[in-house]
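K.L.:
Each residue of the sequence shown is one higher than the one before, starting from 2 at the first, in my numbering.
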Amino acid sequence: MSATVSMGLSATVRPCCRLLHLLPKCPHPPSFSPSLFPKCPNDRLAVLRALAAGHHRRPSSVRATVAPASAPDVRRLSTSVESVPGAAGDKAFERIYVQGGLAAVKPLVIERVEEERKEEKEIKDAAPPPAEVAEERAQGREESEAEKEAWRLLKRAVVNYCGTPVGTVAAEDPGAQPLNYDQVFIRDFVPSALAFLLKGETDIVKNFLLHTLQLQSWEKTVDCYSPGQGLMPASFKVRTLPLDGSNEAYEEVLDPDFGESAIGRVAPVDSGLWWIILLRAYGKITGDYALQERVDVQTGIRLILNLCLSDGFDMFPSLLVTDGSCMIDRRMGIHGHPLEIQALFYSALRCSREMITVNDGSKNLLRAINNRLSALSFHIREYYWVDMKKINEIYRYKTEEYSQDAINKFNIYPEQIPSWLVNWIPEKGGYLIGNVQPAHMDFRFFSLGNLWAIVSSLSTPRQAEDILNLIEDKWDDLMGNMPLKICYPALEFDEWHIITGSDPKNTPWSYHNGGSWPTLLWQFTLACIKIGRPELARKAIALAEKRLSIDKWPEYYDTRTGRFIGKQARLYQTWTISGYLTSKLFLENPGMASILTCEEDLELLEGCACSLSKSAKGTRTKCSRTAAKSQLLV
Ligand code: GLC
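As structure tokens, this is what we get:
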């Protein structure tokens with residue numbers, strides 16, 4: 002029985018395509034047969050219309066947190082949002098703002114956000130629509146054979162739900178067990194979405210955003226426990242089931258995996274963050290802002306933020322997560338405050354700030370976002386950054402300092418500086434380390450986190466340049482024969498045993514443990530464009546191009562320099578294919594990088610500089626941009 006019915010609400014019209022959780026689980030779903038869908042609407046728009054008309058209802062537990070639409074508004078094409086007494090306004094968020102760690106931070110002026118957004122919208126509205134962009138491109142150079150093949154494969158990977166494209170499978174390797182690679186992974190779909198958007202094919206992305214939104218709010222359990230409401234699934238699958246016990250009629254259902262089936266039962270913390278980032282990119286490139294303004298979409302953003310911003314026991318502004326909660330979805334010693342999650346979190350907060358509809362009900366949320374952004378950027382810029390100078394400081398750290406003025410705040414024992422780093426850290430350049438928590442600095446270099454820190458402006462402009470300088474300096478280690486190392490260096494010997502739990506997939510220089518992942522190329526390309534160094538991206542793409550097609554687009558490469566196709570790598574891995582295409586498209590249209598990037602925001606720095614000077618001197622000093630700059634941009 003559905004949660005909707007159990008709350009005493011009138012039963013909805015049963016759509017023929019729906020979410021699996023309304024049905025008892027079918028242990029043996031029949032195999033796919035296109036002729037078995039007599040009941041699916043042929044009209045591609047029907048599913049979206051059904052969504053807009055509220056036929057796919059949110060469960061009662063979600064409705065309880067939805068602010069009711071106060072007046073009819075054509076832009077509010079909500080799902081069945083109902084008025085719940087006491088749910089108006091932002092009760093659930095109130096707690097977050099008042100108790101936020103940076104209560105002393107100067108509240109940022111909301112009107113300003115509105116103004117900035119208006120300006121930005123004007124610029125965006127002036128941007129060429131995707132069809133024109135596609136045409137401009139088409140007039141340019143001829144696609145190479147590799148690109149043509151990549152497009153063919155990407156289109157083959159498209160998953161349809163009731164005749165409508167909703168995503169792409171993770172891999173289509175005929176020679177390997179599918180496991181869950183036949184599912185649409187949220188994080189894997191992002192480069193596919195970007196390739197489609199840049200090519201002018203926007204429907205698949207809109208459908209993806211709306212359907213995953215429906216999955217977000219569905220009831221989910223891991224054993225007898227229900228994870229938080231805002232969680233987005235790691236992946237979903239379209240299943241075909243007999244319609245109400247019939248042997249002849251079948252229906253398609255979306256079956257999400259929130260980690261309850263995933264290997265190791267890992268929580269996909271990054272999914273919701275990616276969803277927000279993609280939603281903004283979709284709006285910026287299509288000009289279809291109506292989508293992000295819908296009540297159900299606004300609610301989706303809030304649910305994700307609610308999960309991320311709610312109070313816990315943590316002392317830091319960074320997000321506390323379990324091991325394997327992101328692209329590295331197996332045990333790899335990245336529990337705590339891994340850089341990748343912090344960079345995506347920062348980026349998602351910046352994107353949300355642009356998209357949240359400003360009204361009385363959202364002011365507190367926007368203030369909470371600003372406070373968190375200020376604190377998070379300071380924390381990462383200050384404590385995660387290492388270069389020659391900083392390593393030298395850590396090397397000479399005093400320990401056991403008990404006071405507010407401690408220099409070695411996290412009580413790091415200098416013996417933790419790994420021997421590989423002593424010689425590896427270049428004179429010029431630096432990077433953000435993998436993780437910081439009490440008495441622990443994970444000095445490994447994680448590519449995605451560093452690149453996304455550049456893209457989102459989590460790092461300072463100087464740090465961003467230095468990260469690219471380091472990558473250039475350490476080209477052989479990080480790019481080798483195939484860009485790009487997921488992390489450097491690999492865990493070996495006892496460390497591998499202890500930290501990975503002797504994981505045979507994550508052996509040294511393989512898979513997540515120092516393997517090379519071509520999908521990371523698109524993020525590298527974005528970072529290079531942002532910093533004005535596209536030639537570096539071109540060099541990396543040229544390297545990848547030599548092998549990707551010949552090697553059948555593998556998921557990852559092994560060995561210290563990425564010479565071999567990964568031991569257990571899937572072939573025809575979709576995000577390898579789409580990552581390559583997206584990199585090429587961004588290089589051709591560097592202006593389009595702005596659909597994902599964020600610029601330095603001095604006002605955020607100001608908030609942080611104020612609170613720092615207050616805590617340092619015990620008095621409130623006047624906030625100024627100069628103070629912000631001098632404290633945070635050096
Ligand atoms: C692996 C990767 C993960 C990816 C999934 C599907 O589990 O670690 O990041 O999403 O495969 O490609």
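Beta carbons: idealized from backbone N, C-alpha and C, even for Gly.
All of these numbers come straight from a predicted model, not from anything done at the bench.
Return the Cβ separation of S511 and G567 in integer angstroms, given the expectation that the two are a contact with Cβ distance under 8 Å.
P.N.:
Along the sequence shown, one-based indexing puts residue 511 at 510. Along the sequence shown, one-based indexing puts residue 567 at 566. Right, their Cβ atoms sit about 6 Å apart.
K.L.:
Inspect the beta-carbon positions of H513 and I487 and report whether they are closer than 9 Å.
P.N.:
Position 512 of the sequence shown, counted from the first residue, corresponds to residue 513. Position 486 of the sequence shown, counted from the first residue, corresponds to residue 487. Against a cut-off of 9 Å, the Cβ pair of I487 and H513 comes out as a contact.
K.L.:
Which full runs of the alpha helix (DSSP H) of 4+ residues lie inside the segment 359–424, going along the chain?
P.N.:
Entirely contained in the segment 359–424, the alpha helix (DSSP H) runs reaching 4 residues are, in chain order, 364–384, 389–396.
K.L.:
Quick one: does the C-beta of E261 sit closer than 8 Å to a heavy atom of the ligand GLC?
P.N.:
Taking the first residue of the sequence shown as 1, we reach residue 261 at position 260. It does not: the Cβ of E261 is nowhere closer than 8 Å to a heavy atom of the ligand GLC.
K.L.:
Helix, strand or coil for H338, going by three-state DSSP, please let me know.
P.N.:
Taking the first residue of the sequence shown as position 1, residue 338 is located at position 337. Coil at H338, not helix or strand.
K.L.:
Quick check: the Cα distance between L255 and G301, rounded to an integer number of angstroms?
P.N.:
Numbered from its first residue, the sequence shown carries residue 255 at position 254. Numbered from its first residue, the sequence shown carries residue 301 at position 300. So the two alpha carbons sit approximately 18 Å from each other.
K.L.:
Helix, strand or coil, according to DSSP, for M316 in the structure here?
P.N.:
Looking up residue 316 in the sequence shown gives position 315. Here M316 sits in coil by DSSP.
K.L.:
Would you identify the three-state DSSP class for T526, choosing helix, strand or coil?
P.N.:
Translated into the one-based positions of the sequence shown, residue 526 becomes position 525. T526: helix per DSSP, three-state reduction.
K.L.:
What is the rounded straight-line gap between the Cα of L345 and the Cα of L485?
P.N.:
Locating residue 345 in the sequence shown gives position 344, counting from the first residue. Locating residue 485 in the sequence shown gives position 484, counting from the first residue. Going by the C-alpha atoms only, they are around 19 Å apart.
K.L.:
Can we say the segment 497–508 touches the segment 425–438, given the rule of at least three CB pairs closer than 8 Å?
P.N.:
Short answer: they don't touch.
K.L.:
So, does the segment 537–553 touch the segment 473–484, judging by three or more C-beta pairs under 8 Å?
P.N.:
Result yes; three or more Cβ-Cβ pairs closer than 8 Å.
K.L.:
Drop a sphere of 10 angstroms on the beta-carbon of D174, count the other beta-carbons inside from all chains shown, and report buried for 16 or more, exposed for fewer.
P.N.:
As a working mapping, residue 174 is identified with position 173 in the sequence shown. Classification of D174: buried, given that the 10 Å Cβ count is 16 or more.
K.L.:
How long is the line joining the alpha carbons of I277 and Q178, rounded to whole angstroms?
P.N.:
As a position in the sequence shown, residue 277 is number 276, starting the count at 1. As a position in the sequence shown, residue 178 is number 177, starting the count at 1. Their Cα atoms are separated by approximately 32 Å.
K.L.:
Over what stretch of residues does the beta strand (DSSP E) that includes R240 continue unbroken?
P.N.:
As a position in the sequence shown, residue 240 is number 239, starting the count at 1. Segment 236–243, the beta strand (DSSP E) holding R240.
K.L.:
Could you check whether the segment 368–379 touches the segment 311–324, counting it as contact only if at least three pairs of C-beta atoms, one from each stretch, sit closer than 8 Å?
P.N.:
Enough Cβ pairs lie closer than 8 Å, so yes.
K.L.:
The beta strand (DSSP E) spanning H513 covers which residue range?
P.N.:
Within the sequence shown, the letter at position 512 stands for residue 513. Run containing H513: none; DSSP gives neither H nor E here.
K.L.:
Alpha carbon to alpha carbon, what distance is there between Y573 and K585?
P.N.:
Taking the sequence shown and counting its residues from 1, the one referred to as residue 585 is at position 584. Taking the sequence shown and counting its residues from 1, the one referred to as residue 573 is at position 572. Looking at the two C-alpha atoms, the distance is approximately 18 Å.
K.L.:
Ignoring anything shorter than 4 residues, give me the alpha helix (DSSP H) runs that lie fully in the segment 259–321, in order along the chain.
P.N.:
Those alpha helix (DSSP H) runs which fall completely within the segment 259–321 and span 4+ residues are 270–287, 290–294, 296–310.
K.L.:
Going by DSSP in three states, L195 sits in which element: helix, strand or coil?
P.N.:
For the purposes of this step, residue 195 is taken as residue 194 along the sequence shown, with counting starting at 1. L195 falls in the helix class under three-state DSSP.
K.L.:
Quick check: is any heavy atom of the ligand GTP less than 8 Å from the C-beta of A158?
P.N.:
The ligand GTP is absent from the structure shown, which contains only the ligand GLC.
K.L.:
Does any CB atom of chain C fall closer than 9 Å to the CB of M356?
P.N.:
No chain C is present in this structure, which holds just one protein chain.
K.L.:
Can you tell me which of the three DSSP states T501 falls into?
P.N.:
Taking the sequence shown and counting its residues from 1, the one referred to as residue 501 is at position 500. Helix.
K.L.:
Could you pull the start and end residues of the alpha helix (DSSP H) that P166 belongs to?
P.N.:
Residue numbering aside, residue 166 sits at position 165 when the sequence shown is read from its first letter. Not the alpha helix (DSSP H): P166 falls in the beta strand (DSSP E), residues 165–169.
K.L.:
Could you check which residue in V191, K553, H336, K531 has the C-alpha nearest to that of S458?
P.N.:
Working through the sequence shown from its first residue, we reach residue 458 at position 457. Cα-wise, what sits closest to S458 is K531.
K.L.:
Going by DSSP, which residues form a beta bridge with E253?
P.N.:
On the sequence shown, residue 253 is found 252 positions in, with the first residue counted as 1. Answer is T241.
K.L.:
Using a Cβ-based criterion (distance less than 8 Å to any ligand heavy atom), does Q574 qualify as near the ligand GLC?
P.N.:
For the purposes of this step, residue 574 is identified with residue 573 of the sequence shown, where counting begins at 1. True, at least one ligand heavy atom lies under 8 Å from that Cβ.
K.L.:
For Q217, is the classification buried or exposed, using 16 other Cβ atoms within 10 angstroms of its Cβ as the cut-off for buried?
P.N.:
Indexing the sequence shown from 1 puts residue 217 at position 216. Counting Cβ neighbours within 10 Å, Q217 comes out buried, since at least 16 surround it.
K.L.:
Do you know how far the Cα of K285 is from the Cα of L597?
P.N.:
Counting from one through the sequence shown, the residue named residue 597 turns up at place 596. Counting from one through the sequence shown, the residue named residue 285 turns up at place 284. Near 9 Å, if we compare the C-alpha coordinates of K285 and L597.
K.L.:
Could you tell me whether any non-hydrogen atom of the ligand GLC is closer than 8 Å to the CB of I329?
P.N.:
In the sequence shown, counting from the first residue as 1, residue 329 sits at position 328. Checking every heavy atom of the ligand GLC against the Cβ of I329, one is found closer than 8 Å.
K.L.:
Excluding the 5 residues flanking H212 on each side, which residues of the same chain have their C-beta closer than 7 Å to its C-beta?
P.N.:
The residue you call residue 212 lines up with position 211 of the sequence shown. Within the same chain, H212 has close Cβ partners Y162, V167, L255.
K.L.:
So Y398 and P419 are supposed to be a Cβ contact under 8 Å. How far apart are they, rounded?
P.N.:
As a first step, residue 398 must be located in the sequence shown, where it is residue number 397. As a first step, residue 419 must be located in the sequence shown, where it is residue number 418. Actually they are not in contact, since the Cβ atoms of Y398 and P419 sit about 15 Å apart, beyond 8 Å.
K.L.:
G580 to R303, Cα distance in whole Å?
P.N.:
Here residue 580 is taken as the residue at index 579 of the sequence shown, counted from 1. Here residue 303 is taken as the residue at index 302 of the sequence shown, counted from 1. Using only the alpha carbons, I get a separation of about 29 Å.
K.L.:
Would you decide whether I468 is buried or exposed? Buried here means 16 or more other CB atoms lie within 10 Å of its CB.
P.N.:
Counted from its first residue, the sequence shown places residue 468 at position 467. By the 10 Å Cβ count, I468 comes out buried.
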